[in-house]
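Down below is the structure, laid out as structure tokens.
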Amino acid sequence: MKIGIAGSLESNDCLVTIKESETLSIKVQSIVDAFYHDQIVAFIESVLADVNHDKVDVTVIDKGALNYTIKARLLTALHRMEVSHA
Amino acid sequence: MIKQALLEKEKQRIEVFLSNFDLGLSYRDETYFIEEENQIIATISLDGHIIKGLAIDESYRGLNLTGELVSEAIRVMTSKGLYSYHVFTKSIYTDIFQSLGFRLLADTGKVAFMEGGIDTIDSVVNGIKKRIEVHFGIELSKHDIGCVVVNCNPMTLGHYQLIEKASKEHEFLIVFVVETDESVFTFKERFSLVYLGLKEFHNILVLPSTSYIVSKSTFPSYFLKELDEREREHAKLDALIFMNYFIPLLNIKKRHVGGETDLVMVAYNQILKDTLKDHLQAIERFTEAGVTISASLVRKLMKEQKYDEALRYVPKAIRPLLKGIMMEKK
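Protein sequences appear in the order of chains A and B. Taking my numbering, the leading residue of the first sequence gets 1150, the next gets one more, and so forth. Taking my numbering, the leading residue of the second sequence gets 84, the next gets one more, and so forth.
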């Protein structure tokens, strides 16, 4: 099973876990869920579409990260998943 | 900055700090801490995939030090290839952990057990369910399922008879062998012996207990000599998880336990009884020619190098294998 993790649970950051999967699934838990949950999910979808990844399980625990941060964490986690040997 | 406690001096200071929170350190714990002006203000400990001993000085609350420490803990575990984590914490901290993405599995009102990362208890138990259904070619919900949880350190005629009796009361019986390696015999040895010893029964399936039944995560004190108040709470967590997840998902009618003489086990069985109620059935311990057969008796004889006498108390089918293992441990 291939897994990649990036980020942290510190303020203004997010912890992204990506796992290889048969289908696309995105789970987001954020401190700003009430306002931005759907926007964060949509943003993650767009980043994954940009790099043509649609067979992954993505879990994001967000501590108020900006989009740039979420994107950077996502791409790093994807990269780590691809090079992982687990 | 987060530092790892490596020096004996640091560990002693951390123990003093933790004692303010009614927490302790065990020798296996890997502890990380944050200092401010030479004072320890926050700590967290890891034991394999288990997070525990989180403590933050009152005057430093609200700075998300928890987030920092838990992030570090996850980094350390990830680097070891661990992607699923368990948390032991006081019930009052469950909110904090929930905000960090952990899921609450059991709460006694004093201590709580939580999980995070990729595996979830539902997926693990459903995986077991599938394995049972495929093995027996059945649909679980339509059958009468019994269950036994054993450490079998090592397997004896006592275990054999308990399991045989339980297997007659159900259509199918699942035997979980405790996976945590804290015993004289390793998990692999114990599991192989049980598997071999029960091979003749076609309605029994032997499975690893997972990290959710009597494991270091759910019940660290199982492997101790006696239970204090804190450990009773741990035992309750273990019983609650079995009650809330395994019984409904696997359609288990009854969990059978043997009569116990050991103080820890008597206390544990009582807690199980209080939690599982009708789902628990105690079976008298078997005696042979006035001798109560127990794994501790076998271990004692083994220690005294009375191997042939020790083997008399174990099922025939496993004698050659057990003899080999005992010779290796000599």
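Ideal Cβ positions, reconstructed from N, Cα and C, are used throughout, including at glycine.
Under 7 Å from the C-beta of residue i: neighbouring residues of chain B
i              : result
residue 1159/A : 147, 150, 151, 154
residue 1151/A : Here the premise fails: no neighbours, minimum Cβ distance about 11 Å.
Limits of the beta strand (DSSP E) - the one that residue i falls within
i              : result
residue 172/B  : 167 to 173
residue 358/B  : Counting along the chain, residue 358/B falls outside any beta strand (DSSP E), though it belongs to the alpha helix (DSSP H) covering 346 to 359.
residue 243/B  : Counting along the chain, residue 243/B falls outside any beta strand (DSSP E), though it belongs to the alpha helix (DSSP H) covering 240 to 252.
residue 339/B  : 335 to 341
residue 198/B  : 194 to 200
residue 364/B  : 363 to 366
residue 138/B  : 133 to 139
residue 1153/A : 1152 to 1156
residue 180/B  : No beta strand (DSSP E) contains residue 180/B, which is instead part of the alpha helix (DSSP H) from 177 to 182.
residue 230/B  : 228 to 233
residue 118/B  : 113 to 119
residue 1208/A : 1205 to 1211
residue 187/B  : 186 to 190
residue 86/B   : 85 to 87
Cross-chain neighbours of residue i in chain B, by beta carbon under 8 Å
i              : result
residue 1166/A : 166, 200, 201
residue 1210/A : 183, 184
residue 1154/A : 157, 161, 166
Cut-off 8 Å between Cβ atoms - residues of its own chain near residue i, not counting five sequence neighbours on either side
i              : result
residue 1180/A : 1211, 1212, 1213
residue 316/B  : 191, 193, 194
residue 335/B  : 228, 229, 230, 257, 329, 362
residue 48/B   : No answer is possible for residue 48/B: it lies beyond the span of chain B, which begins at 84 and ends at 413.
residue 296/B  : 232, 259, 261, 321, 324, 325, 329
residue 173/B  : 193, 194, 195
residue 1215/A : 1161
residue 365/B  : 339, 340, 341, 342, 352, 356
residue 272/B  : 237, 408
residue 1230/A : 1151, 1152, 1153, 1167, 1168, 1169, 1205
residue 1190/A : 1175, 1177
residue 1228/A : 1153
residue 255/B  : 215, 219, 221, 226, 227, 228, 229, 286, 287, 288
residue 120/B  : none
Residues of its chain near residue i, where Cβ-Cβ distance is below 7 Å and the 5 sequence neighbours each way are ignored
i              : result
residue 132/B  : 160, 165, 167, 168, 169
residue 155/B  : 85, 115
residue 97/B   : 88, 108, 114, 116, 123, 126
residue 343/B  : 349, 352
residue 202/B  : 167
residue 1225/A : 1155
residue 212/B  : 223, 332, 333
residue 409/B  : 385, 390
residue 1240/A : It is not possible to answer for residue 1240/A, since the shown part of chain A is limited to 1150 through 1235.
residue 1157/A : 1164
residue 405/B  : 237, 276, 394, 397
residue 218/B  : 288
residue 150/B  : 183
residue 319/B  : 191, 354, 358
residue 284/B  : 250
residue 267/B  : 236, 382
Cβ neighbours of residue i in the same chain (closer than 6 Å, five flanking residues each side left out)
i              : result
residue 414/B  : Absent from the structure is residue 414/B, since the part of chain B shown begins at 84 and ends at 413.
residue 419/B  : This structure leaves residue 419/B out entirely; chain B is present only between 84 and 413.
residue 1209/A : 1163, 1165, 1177
residue 91/B   : none
residue 1168/A : 1152, 1206
residue 274/B  : 260
Where residue i meets chain A, residues with beta-carbon distance less than 8 Å
i             : result
residue 127/B : Correct list: empty, because the minimum Cβ distance to chain A is about 12 Å.
residue 296/B : Within 8 Å Cβ-Cβ: nothing; residue 296/B doesn't reach chain A, min ~23 Å.
Boundaries of the alpha helix (DSSP H) in which residue i is found, first to last residue
i              : result
residue 128/B  : First-last for residue 128/B: 122 to 130, but that is the beta strand (DSSP E), not the alpha helix (DSSP H).
residue 1192/A : 1182 to 1199
residue 205/B  : 204 to 219
residue 1173/A : No alpha helix (DSSP H) holds residue 1173/A; DSSP gives it neither H nor E.
residue 1232/A : 1216 to 1232
residue 395/B  : Premise fails: residue 395/B is in no alpha helix (DSSP H) and is neither H nor E.
residue 150/B  : 148 to 162
residue 105/B  : No alpha helix (DSSP H) contains residue 105/B, which DSSP labels as neither H nor E.
residue 386/B  : 378 to 386
residue 401/B  : Counting along the chain, residue 401/B falls outside any alpha helix (DSSP H), and DSSP gives it neither H nor E.
Short CB-CB distance (under 8 Å) between residue i and chain E
i             : result
residue 197/B : No chain E appears in this structure, whose protein chains are A and B.
Review point. Any residues in the segment 1173 to 1191 of chain A with a beta carbon nearer than 8 Å to a beta carbon of chain B? Which ones, in chain order?
Key: 1178, 1180
Check your understanding: According to a CB-to-CB cut-off of less than 8 Å, which residues of the segment 160 to 187 of chain B neighbour chain A?
Key -> 161, 164, 166, 182, 183, 184
Review point. Going along the chain, which unbroken runs of the alpha helix (DSSP H) with 4 or more residues stay wholly within the segment 253 to 335 of chain B?
Key: 270 to 280, 312 to 324, 330 to 333
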